[in-house]
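Each remark here refers to the structure printed beneath this line.
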Amino acid sequence: MEGEATPTATAAIQVREESVTLRAYPYEAFWREALDRTYNIAYKKFDASAYDSAARTPAEKKFKTIVVENEYLRLTFLPELGGRLYQVHYKPTQQTLFYNNRVLKPTPWGPEQQGGWLAAGGMEWALPVHEHGYEWGVPWSYAIVRAADRVTVTLQDSSATDRVRAQISVTLPANAAYFIVHPRVTNGTRAMLPIQFWINAQLALNQKNVSPETEFILRGAEIFVHSTGNDFVPNANVPAANALGPSNPVPWPVVAGRDLSRYQNWKDYLGLFLTGSAGDYAGAYNHANDLGIARVFPRERVRGVKLFAFGPDFGGREVFTDDDSDYFELWGGSSLTFYDYQEWPFAPGESREWDEYWIPVSRLGGVAGASRYAVLNLTRDTGGHTTISAATTARGSRGTLVLYRENVEIKRWNIALDPGAVFRQQLDVPGDGRLRLQFWAMDNTLLAETDN
């Protein structure tokens, strides 16, 4: 990305404008104006038939980006393309989290009535309908607010007061290795309305293609299948394209003898929803390069967790890219699935908002527990060989790690960590019994825990 402006600093945070140049097929020439009268949202409808009949040669297209960075993270925003958070760079290991497609190529995916979608990558905001919503490809306005200890970039799709609208504030604290996503979704119409809102992170975890060693970390025992190209998923558990609700759930993570928490066991594409999250976090971890991400969220208010990936045997990557790259999607939504959002309609004038913490992690060996304060990993083999790992999210974090077996303390460690550093210990814990690892603050507040 090419620099264009002199950086400004707030405490230990820099903010600047840059640009990125992408190859783009002529999708904008085939957009037609459309209006969803229910939500009073004008959107771009893609004329796929005309596009398919025309000559299509990609050309370079330059976009302005906003870069915000502290000692640990560099966030790059692309406001002109749906207000997306385009990339997150994890400085302790010089790795990137998100997928970035180097070509903008219209696909047939997304809401059927819109006719197309761009798999541009990054983190997009999907509203007010299912799939990718309407506003992933149009400019969003933005404002930058600097405080002594943080910088917030607020992205907004519209200032109109008579429509459904969204405002997304992304905050980077000065001394932390996480960013906070604060959506605010408002029903500006005069009607009671069901509204979908989803955050969709398109991830590659520092690789061109999803590694077979990627682990998907979903805290639940059952899933609803949304769509799949896999013949090992029973047809009775796959909803029809026009279904009004999900089919019967299947167990997670093992489906038909395949542990689908491990990407190496996938074949073709699969999209799924948790039937309900048993924890306040979800995530993914690439064991090939020791890089992962955790999403920490208030599950009582934001119940949706969705995962999508193409699978190693998927044969249509040329539909969305020209370099055979791919990604997986980790979604978080205000409704449990794409189907049941009508059960929690927005009153006229009602707004809903919340905070999510997105935390890059590395060199932990996996993610077994996460909170806004720390990410933990705990493994034990059949011989009792146990490994504990901990990473904290803010500079100067201090506390006590305590390992228990069946509520009996085995060992404790007083630790002091900065982001990017990992505390790791190996020990033998023979015998049976559930292990539990807890991280306590100096004032005896429980900050994070996991068990095995």
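All residue numbers for the sequence shown refer to the numbering used here, where the first residue is 2 and numbers rise by one.
Yeah, the Cβ is synthetic: ideal placement off N, Cα and C, and Gly gets one too.
Express the C-alpha separation of residue j and residue i in angstroms, rounding to a whole number.
i: Met2; j: Arg191; result: Model confidence at Met2 stands at a pLDDT of 40, short of 50, so the residue's coordinates are unreliable and nothing is read from them.
i: Gly367; j: Thr39; result: 44 angstroms
i: Thr215; j: Val256; result: 17 angstroms
i: Trp414; j: Thr380; result: 17 angstroms
i: Gly1; j: Pro107; result: Nothing in the structure corresponds to residue 1, since the chain is present only between 2 and 453.
i: Trp441; j: Val376; result: 13 angstroms
i: Ala43; j: Arg166; result: 11 angstroms
i: Gly421; j: Pro27; result: 42 angstroms
i: Ala237; j: Leu273; result: 15 angstroms
i: Lys209; j: Asp163; result: 42 angstroms
i: Leu204; j: Lys307; result: 13 angstroms
i: Leu271; j: Val239; result: 10 angstroms
i: Phe454; j: Tyr135; result: Missing from the structure shown is residue 454; the chain here goes from 2 to 453 and no further.
i: Ala6; j: Asp232; result: Confidence in Ala6 is poor, its pLDDT being 34 and thus under 50, which makes the residue's placement unreliable; the coordinate value appears in the next sentence. Roughly 53 angstroms between the two C-alpha positions.
i: Val16; j: Glu81; result: 18 angstroms
i: Ala395; j: Arg147; result: 19 angstroms
i: Ile14; j: Val171; result: 14 angstroms
i: Gly397; j: Ala391; result: 14 angstroms
i: Ile200; j: Ala285; result: 16 angstroms
i: Val139; j: Gly83; result: 5 angstroms
i: Glu29; j: Val68; result: 26 angstroms
i: Arg373; j: Val297; result: 7 angstroms
i: Gly432; j: Gln439; result: 20 angstroms
Give the DSSP bridge partners of residue i, in chain order.
i: Asp37; result: Ile42
i: Leu292; result: Asn287, Ser363
i: Ala49; result: According to DSSP, which records beta bridges pairwise, Ala49 is partnered with nothing at all.
i: Glu61; result: Arg24
i: Ala310; result: Leu271, Phe329
i: Thr97; result: His90
i: Lys412; result: Leu404
i: Ala442; result: Gly400
i: Val239; result: Partner(s): none; Val239 has no beta bridge.
i: Leu418; result: Ser398
i: Asn201; result: Glu125, Trp332
i: His386; result: Asp429
i: His183; result: Ser170
Looking only at its own chain, which residues have a Cβ that is under 8 angstroms from the Cβ of residue i, when we skip the five neighbours before and after it?
i: Asn243; result: none
i: Ala49; result: Phe31, Pro107, Pro109, Gly116, Gly117
i: Asn445; result: none
i: Val234; result: Val226, Val251, Val256, Ala257, Leu271
What does a CB cutoff of less than 6 angstroms around residue i pick up in its chain, not counting 5 residues either side in sequence?
i: Leu261; result: Pro254
i: Lys45; result: Trp32
i: Pro112; result: Val130, Glu132
i: Leu79; result: Phe64, Thr66, Arg85, Tyr87
i: Ser159; result: Arg166
i: Phe198; result: Leu128, Val186, Ser335
i: Val169; result: First, the amino acid is wrong: residue 169 is Ile here, not Val. Cβ within range, chain order: Trp126, Leu156, Pro184.
i: Pro213; result: Tyr264, Gln265
i: Thr401; result: Arg413, Asn415, Trp441
i: Pro93; result: Gly421
i: Lys268; result: Asn231, Gly312, Asp314
i: Asn249; result: Asn238
i: Ala51; result: Phe31
i: Phe347; result: Asn188, Leu194, Ile196
i: Ala144; result: Thr155
i: Ile411; result: Leu404
i: Pro299; result: Trp355
Report, in whole angstroms, the separation of the C-beta atoms of residue i and residue j, which I expect to be a contact under 8 angstroms.
i: Leu76; j: Phe180; result: 6 angstroms
i: Gly370; j: Asp429; result: Not confirmed; about 22 angstroms, so no contact.
i: Gln96; j: Ser363; result: 7 angstroms
i: Pro195; j: Tyr342; result: 5 angstroms
i: Gly221; j: Gly277; result: 6 angstroms
i: Thr1; j: Leu365; result: Past the edges of the chain, shown from 2 to 453, lies residue 1, and the structure says nothing about it.
i: Thr322; j: Ala120; result: 7 angstroms
i: Thr388; j: Arg435; result: In fact, because the Cβ distance is near 16 angstroms, the residues do not count as touching under 8 angstroms.
Can you list, in chain order, the residues of its chain whose CB lies under 7 angstroms from that of residue i, leaving out five sequence neighbours each side?
i: Arg437; result: Tyr405, Glu450, Asp452
i: Tyr328; result: Tyr100, Gly122, Gln203, Leu204, Ala205, Val211
Using a Cβ-Cβ distance under 8 angstroms, would residue i count as near chain B?
i: Leu308; result: In the structure shown, chain B cannot be found, because there is only a single protein chain.
Just checking, does the segment 285-305 make contact with the segment 345-364 on the three C-beta pairs under 8 angstroms criterion? yes
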